[in-house]
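Counting in UniProt numbering, the sequence shown runs from 1 upward without gaps. What follows is a short report on a single structure.
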Amino acid sequence: MSDTSFDSARIAQGYKNRPFLHGQALEQFVRETGKTGFRNGLDIGCGAGLSTRALRTICDRVTGIDVSEEMIRVAGEACKNDPGIRFLVGRGEKIPGAAGNPDIVTAAGAIQWIDREGLLECLKNRMLPGGYLLIYDFSISDRMENCPQYTEWWEGQYLKRFPRPYRDEAVWTEKDVEKYGFAVQYQTPLKLRYEFSLERFVEFMMIQSNVNVRIEEEGMDADEIRSWFADSLEPVFAGENRVGIFRGYSWCFRKGFRCCAAGYPGL
């Protein structure tokens, strides 16, 4: 999908109602680094604001930026009661001047849409010395707890109907970031859990990139897809809630500092 596809009101509203798992990635960051109390955070590719809310827990103030005006509108509505959060339309490769000079930057599920060299060059000039860059992402996997029927559905029905679009999933290395003044602090996998009802899971699946491509770019009918999800998943849920397993990664880089904690596992 192109980044402009995310300007859809349907996708923006769906992102607002996604499971709030971003806080777990920030909790891991605090455990790994021992750092809190940042003054000025920047959340790149903020979407509907969930990742911005997570960053706010360790920052005095946070700016969320996204290329989608619709996402920024929805994020502003969702976070309107927090004076420490603001949202701006902008790109990671050209951060708006109003965002200031951050001492921590996050990008959650965004780097596949951003030019890596452009982003790092921009952060090289804008971030404060000693600042942290946290890149993380997670997605629903082919596993639910104690539910092999779900894995069968995932492999035998879902991926055949909605194949995964291309994503740039290359791991950033020390060589990739060192010329911009950054060093790797840690790179670890993420494994998260979330309990879904059938109805909540159907709505969650409706804004997966596999599905968005078919609706926004190929013109498939959203209501027909929603009905297919509900019908095909009904025997999987069998009237019960199910715990979905999310898998992903968390990469932390620091500007102007060499890694002081060697031995962190890679991905």
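Glycine included, each C-beta is placed from N, C-alpha and C at the ideal position. Nothing here was measured: the structure is a model prediction, and the numbers come from that model.
Item, Value
"Residue ranges of each beta strand (DSSP E) within the region 176 to 230, 3 or longer", "182 to 196"
"CA-to-CA distance, Ile65 to Gly45, given in whole angstroms", "6 Å"
"Which residues DSSP lists as bridging Leu133, in chain order", "Val105 and Phe253"
"Cβ-based burial, Phe20 [other Cβ within 10 Å; buried from 16]", "exposed"
"Simplified DSSP assignment, three categories, for Asn40", "strand"
"Separation of Thr173 from Glu121, as counted between CA atoms", "16 Å"
"Status (buried if at least 16 other CB within 10 Å, exposed otherwise) for Gly14", "buried"
"Rounded separation between Val30 and Arg143 - CA only", "28 Å"
"Member of Thr63, Tyr194, Leu88 and Thr57 whose CA lies at the smallest distance from the CA of Ile72", "Leu88"
"For Gly248, three-class secondary structure by DSSP", "strand"
"Spatial distance of Lys16 from Ala75 (CA atoms)", "7 Å"
"Stretch pair the region 123 to 132 + the region 89 to 103: three plus CB contacts closer than 8 Å", "yes"
"DSSP bridge partner residues for Asp66 (one or two, in chain order)", "Val89"
"Beta carbon of Ile140 nearer than 8 Å to that of Gly244", "yes"
"Close beta carbons around Glu69, own chain, < 6 Å, minus the five adjacent residues each side", "Val89"
"Any 3 or more C-beta pairs closer than 8 Å across the region 188 to 202 and the region 162 to 169", "no"
"Spatial distance of Ile58 from Gly41 (CA atoms)", "9 Å"
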